[in-house]
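*Asks:* Numbering (the numbering used here), first residue to last: 1 to 313. Even glycine gets a Cβ: it sits at the ideal position worked out from N, Cα and C.
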Ligand code: FDA
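#1: Identify every residue that forms a DSSP beta bridge with residue 55.
#2: Using the Cα positions of residue 322 and residue 28, report the straight-line distance between them to the nearest angstrom.
#3: Assign residue 243 to buried or exposed, taking buried as 16 or more other Cβ atoms, counted over all protein chains shown, within 10 Å of its Cβ.
#4: Please specify which runs of the alpha helix (DSSP H), each continuous and at least 4 residues long, are wholly inside the region 177 to 222, giving them in chain order.
#5: Could you tell me whether any non-hydrogen atom of ligand 1 is closer than 7 Å to the CB of residue 165?
#6: Answer yes or no: do residue 125 and residue 100 have a C-beta to C-beta separation smaller than 8 Å?
#7: Hey, which unbroken runs of the beta strand (DSSP E) at 3 residues or more fall wholly within the region 143 to 168?
#8: Along the chain, which unbroken stretches of the beta strand (DSSP E) at least 3 residues long are found entirely within the region 243 to 277?
#9: Is the beta carbon of residue 295 within less than 7 Å of some heavy atom of ligand 1?
#10: Sort out for me which residues DSSP pairs residue 377 with in a bridge.
#11: Around the Cβ of residue 225, are there at least 16 other Cβ atoms within 10 angstroms (buried) or fewer (exposed)?
#12: I believe residue 121 touches residue 160 by the beta-carbon criterion, under 8 Å. Please report the beta-carbon distance rounded to the nearest angstrom.
#13: Please determine if the region 249 to 267 and the region 278 to 297 are in contact, where contact requires at least 3 C-beta pairs separated by less than 8 Å.
#14: What is the DSSP secondary structure of residue 33, counted as helix, strand or coil?
#15: Would you give the residue range spanned by the beta strand (DSSP E) that residue 227 belongs to?
#16: Report the CB separation of residue 288 from residue 31 in whole angstroms; it is logged as a contact under 8 Å.
#17: Measuring CB to CB, does residue 223 end up less than 8 Å from residue 234?
#18: Straight-line CA distance for residue 295 to residue 201?
#19: If you measure from the CB of residue 138, is any heavy atom of ligand 1 nearer than 7 Å?
#20: Where does residue 231 fall in DSSP's three states?
#21: For residue 260, verify whether its CB is less than 7 Å away from any heavy atom of ligand 1.
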């Protein structure tokens with residue numbers, strides 16, 4: 001169903017009307033702003049409300065260097081702004097390696113991420129995980145930079161819908177991770193994948209999520225886990241397991257998408273847990289928004305109604 005919605009919304013006709021007021025209004029429930037300055041203002045407001053933030057400049061799947069260079073320039077100013085505003089304690093940057101050239105040049109991507117890390121100062125840099133065709137290269141780059149070049153502020157994401165993730169966690173992370181300087185984001189996974197790669201249904205994905213979450217908590221001496229989900233059942237089970245294991249509230253966090261289930265977000269903070277919002281910004285919001293729309297059917301109704309002719313008053 002989710003994949004069908006995504007293909008329909010990728011239709012060129014719908015994309016062409018994407019600038020319509022209705023879809024823009026919907027977009028800015030989930031996207032901070034189109035520009036950096038307004039995004040920094042929103043970040044400050046959210047920090048005042050006790051949120052942690054991971055900020056993401058939108059843009060992915062670039063297939064030429066011009067787009068990557070533009071992207072890099074923005075990431076450099078983002079880092080500069082976070083440092084100048086003294087926000088690095090609460091704000092990390094999330095990015096996708098397909099924004100740095102992974103679709104066409106491995107060495108170039110590695111070099112780009114090294115440059116970002118070289119100037120990052122205290123800002124943590126978090127790698128989002130993309131579709132399975134990019135996972136091996138993503139882990140290779142992570143491995144070189146985190147474990148060979150020893151960039152301590154580099155973090156990574158795991159996707160619970162993949163059969164391979166448990167092995168990746170064991171072999172690519174737990175076997176190498178000695179000090180506690182790694183945040184691992186655990187999410188369910190958002191891409192269209194073939195059936196031989198992913199667990200067959202919601203129930204089995206949730207079971208694998210919980211199994212991985214427990215393994216992360218069991219390795220709390222090596223890892224700072226970030227549970228990225230809006231699934232209240234999973235959240236409760238993770239909280240219970242952490243308490244059972246005597247893990248204190250500052251040793252892990254939850255993560256949610258900006259704009260998704262704000263009441264639940266506030267509740268988690270009021271209970272004393274850490275919550276980091278994934279906060280995207282930038283002009284390239286369409287692809288991000290269609291993934292969010294596909295996750296919530298009522299958003300589709302909202303859009304369908306918005307395409308009806310407006311009544312003349
Ligand atoms: P699930 O889809 O089961 O939803 C649980 C509940 O949340 C349901 O009640 C649902 O209705 C509600 N909900 C979910 N999305 C909603 C929305 N848009 N609007 C309103 N309600 C909504 N994926 C990936 O492949 N690579 C990555 O790097 C990341 N990074 C990432 C970071 C963060 C901070 C988050 C929260 C998520 C990701 N994801 C991701 C996306 C993730 O894989 C997944 O697709 C979504 O989070 C939805 O899955 P849930 O775990 O929320 O569960």
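*Replies:* So, to answer that:
#1: As a position in the chain shown, residue 55 is number 55, starting the count at 1. For residue 55, which the question treats as bridged, DSSP gives the partners 93, 279.
#2: Residue 322 is absent from the structure shown; the chain starts at 1 and stops at 313.
#3: In the chain shown, the residue the question calls residue 243 occupies position 243. The residue in question, residue 243, is exposed, as its Cβ has fewer than 16 Cβ neighbours within 10 Å.
#4: Counting whole runs of 4 or more residues, the region 177 to 222 contains the alpha helix (DSSP H) stretches 202 to 218.
#5: On the chain shown, position 165 is the one that residue 165 refers to. Answer for residue 165: no, Cβ out of range of ligand 1.
#6: As a working mapping, residue 125 is identified with position 125 in the chain shown. As a working mapping, residue 100 is identified with position 100 in the chain shown. No, the pair does not count as a contact, with Cβ atoms beyond the cut-off.
#7: 154 to 159
#8: 253 to 257
#9: The residue given as residue 295 occupies position 295 in the chain shown. Yes - ligand 1 has a heavy atom lying nearer than 7 Å to the Cβ of residue 295.
#10: Lying before the first or after the last residue shown, residue 377 is absent from the chain, which here runs from 1 to 313.
#11: Taking the first residue of the chain shown as 1, we reach residue 225 at position 225. Result: buried.
#12: What you label residue 121 is simply residue 121 of the chain shown in a count that begins at 1. What you label residue 160 is simply residue 160 of the chain shown in a count that begins at 1. Going by Cβ atoms, the distance from residue 121 to residue 160 rounds to 32 Å, so no, they are not a contact pair.
#13: Contact holds: three or more Cβ-Cβ distances are below 8 Å.
#14: As a first step, residue 33 is located in the chain shown; it is residue number 33 there, counting from the start. DSSP places residue 33 in coil when its eight states are reduced to three.
#15: Along the chain shown, read from residue 1 onward, the residue named residue 227 stands at position 227. 224 to 228 is the span of the beta strand (DSSP E), which, as asked, contains residue 227.
#16: In the chain shown, the residue the question calls residue 288 occupies position 288. In the chain shown, the residue the question calls residue 31 occupies position 31. That pair is a contact at about 7 Å.
#17: Locating residue 223 in the chain shown gives position 223, counting from the first residue. Locating residue 234 in the chain shown gives position 234, counting from the first residue. Taking 8 Å as the Cβ cut-off, residue 223 and residue 234 do not qualify as a contacting pair.
#18: The residue given as residue 295 occupies position 295 in the chain shown. The residue given as residue 201 occupies position 201 in the chain shown. Spanning the two alpha carbons is a distance of roughly 15 Å.
#19: Taking the first residue of the chain shown as 1, we reach residue 138 at position 138. Result no, Cβ not under 7 Å from ligand 1.
#20: One-based indexing of the chain shown puts residue 231 at position 231. Residue state, collapsed to three classes: coil.
#21: As a first step, residue 260 is located in the chain shown; it is residue number 260 there, counting from the start. Correct: residue 260 has its Cβ closer than 7 Å to ligand 1.
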